[in-house]
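A.B. asks: Before anything else, here's the structure in question.
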Amino acid sequence: MRDEKIPVHTPECIEKLTIKTLMDRVTRTGNEWIAAYSENTKKEILLCTECSPKFCGVSSDVSCLLSTEESSVYHNHPSNKPFSSSDFTNFLYNYERIISFHACGNDGKSVFSLSNICNNDIFNKISEIEIIMQNIITGYLFCQSDPVLDYAVRHGFGLGLDKNGIAKYEYNIHNMQYDLRKNNPDVQIAQIFTVDIITLFLEIIEFHRNKNKNLDMHTVRPVVHNILNNNVNFKVCVFRTHQLNSCQKDIYESLSNFKFQMQ
Ligand SMILES: [Zn+2]
25 MRDEKIPVHT
35 PECIEKLTIK
45 TLMDRVTRTG
55 NEWIAAYSEN
65 TKKEILLCTE
75 CSPKFCGVSS
85 DVSCLLSTEE
95 SSVYHNHPSN
105 KPFSSSDFTN
115 FLYNYERIIS
125 FHACGNDGKS
135 VFSLSNICNN
145 DIFNKISEIE
155 IIMQNIITGY
165 LFCQSDPVLD
175 YAVRHGFGLG
185 LDKNGIAKYE
195 YNIHNMQYDL
205 RKNNPDVQIA
215 QIFTVDIITL
225 FLEIIEFHRN
235 KNKNLDMHTV
245 RPVVHNILNN
255 NVNFKVCVFR
265 THQLNSCQKD
275 IYESLSNFKF
285 QMQ
């Protein structure tokens, strides 16, 4: 692990300076880097890297900052893709004081940002949502390991968080393959369906919070059933695949696993 501390003399320019410094390290080393600063002091930028182009770890200094102060976090994506589910679980779930979170593509053009982040149980559940999405996509759209569908699902996560008021999602997409196929029905369904699944999870979480009840099969089923039956995108997906019952069954199963892990 390598660590750096950059003093900041002009706090009002810290955002630009952070991106510039991050991209400078990325260009020079080809590795994944994290850059973070305190939103309260804006006095220094902390940088760290595992010296690997494939993953980024959090140094003890950065971890300490993210645990104790309201902070902004930037990191680079060699793939130039939107956020991954592990971004949410490793950062936003572990460090609830992060208020803005950014991924910058190594291409220097792709940028994905979440700001005004609210603390929410959703970040605990992101990986389960992703599993449901993978089941739907691989099982029903028959498009295993399609990079454009992967891109669409990742983008859908950001759009879903924004739509539900969990964070403000801003993006600058530079991806030729995605641009060429973004209006294709499979890509549209993957993206819109991700947004719907996030909305669905939030409705369930909220429903149980309001009722002050633990999640169990008796309470989850009617809610899920009601939401799925009224979900236009779900119907489109089902219509395309003609597998209503097994598709519903898979989602019910995923949701029943989900409820056991929720206290
Ligand atoms: Zn990332």
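Heads up: the sequence shown runs through residues 25 to 287, numbered per our numbering.
Where a beta carbon is used, it is the ideal one built from N, C-alpha and C, also for glycine.
Bear in mind the structure is a predicted one, so any value in this text is a computation, not a measurement.
Note the first and the last residue of the continuous alpha helix (DSSP H) segment covering P31.
C.D. replies: Premise fails: P31 lies in the beta strand (DSSP E), 26-31, not in any alpha helix (DSSP H).
A.B. asks: Report the rounded CA-to-CA distance for E227 versus L185, giving the unit in angstroms.
C.D. replies: 13 Å
A.B. asks: With DSSP collapsed to three states, give me the class of I87.
C.D. replies: The sequence shown places Ser at residue 87, rather than the Ile named in the question. S87: helix per DSSP, three-state reduction.
A.B. asks: Does ligand 1 have a heavy atom nearer than 7 Å to the CB of H101?
C.D. replies: yes
A.B. asks: Do D111 and ligand 1 come close, with the Cβ less than 7 Å from some heavy atom?
C.D. replies: yes
A.B. asks: Any heavy atom of ligand 1 within a distance shorter than 7 Å of the CB on F107?
C.D. replies: yes
A.B. asks: Just curious, the beta strand (DSSP E) that Y195 is in, first and last residue?
C.D. replies: 192-196
A.B. asks: Considering only residues of the same chain and omitting the five flanking positions on each side of M25, which have a CB-CB separation below 7 Å?
C.D. replies: Excluding positions up to five away in sequence, the list reads C72, E74, G81, S83.
A.B. asks: Going by C-alpha to C-alpha distance, which of I69, C142, P209, F79 sits closest to G54?
C.D. replies: F79
A.B. asks: Just reading off the alpha helix (DSSP H) that Y202 is part of, what are its end residues?
C.D. replies: Per DSSP, Y202 belongs to the alpha helix (DSSP H) from 200-205.
A.B. asks: Is it true that the region 89-103 meets the region 111-124, where meeting means three or more beta-carbon pairs spaced less than 8 Å apart?
C.D. replies: yes
A.B. asks: Note down the Cα distance separating D48 from E230, rounded to an integer number of angstroms.
C.D. replies: 43 Å
A.B. asks: If you draw a straight line from the C-alpha of P102 to the C-alpha of I38, how long is it?
C.D. replies: 23 Å
A.B. asks: Taking 8 Å as the cut-off, decide whether the C-beta atoms of H116 and Y193 are in contact.
C.D. replies: The sequence given here places Leu at residue 116; His does not occur at that position. Cβ atoms of L116 and Y193: not closer than 8 Å.
A.B. asks: Please go through the same chain and pick out, in chain order, the residues whose beta-carbon is closer than 7 Å to the beta-carbon of R178, but skip the five residues on each side of it.
C.D. replies: K105, P106, F107, S108
A.B. asks: What separation, rounded to the nearest whole angstrom, lies between the Cα atoms of G129 and V219?
C.D. replies: 23 Å
A.B. asks: When DSSP builds the beta bridges, which residues end up paired with N100?
C.D. replies: C128
A.B. asks: Between F125 and chain B, is there a C-beta pair that is closer than 8 Å?
C.D. replies: No chain B appears in the structure shown, which is made up of a single protein chain.
A.B. asks: Can you give the Cα-Cα distance for I30 and T45, rounded to whole angstroms?
C.D. replies: 9 Å
A.B. asks: Using a Cβ-Cβ cut-off of 6 Å (strictly less than) and excluding sequence neighbours within five positions of Y202, which residues of its own chain qualify?
C.D. replies: Same-chain partners within the cutoff: V172, Y175.
A.B. asks: In or out: N199 buried (at least 16 other Cβ within 10 Å) or exposed?
C.D. replies: buried
A.B. asks: Just the C-alpha distance for A191 and F136, rounded to the nearest angstrom, thanks.
C.D. replies: 12 Å
A.B. asks: Between which two residues does the alpha helix (DSSP H) carrying T45 extend?
C.D. replies: 38-53
A.B. asks: Any heavy atom of ligand 1 inside 7 Å of the beta-carbon of A59?
C.D. replies: no
A.B. asks: Quick one: grab the DSSP three-state call for S110.
C.D. replies: helix
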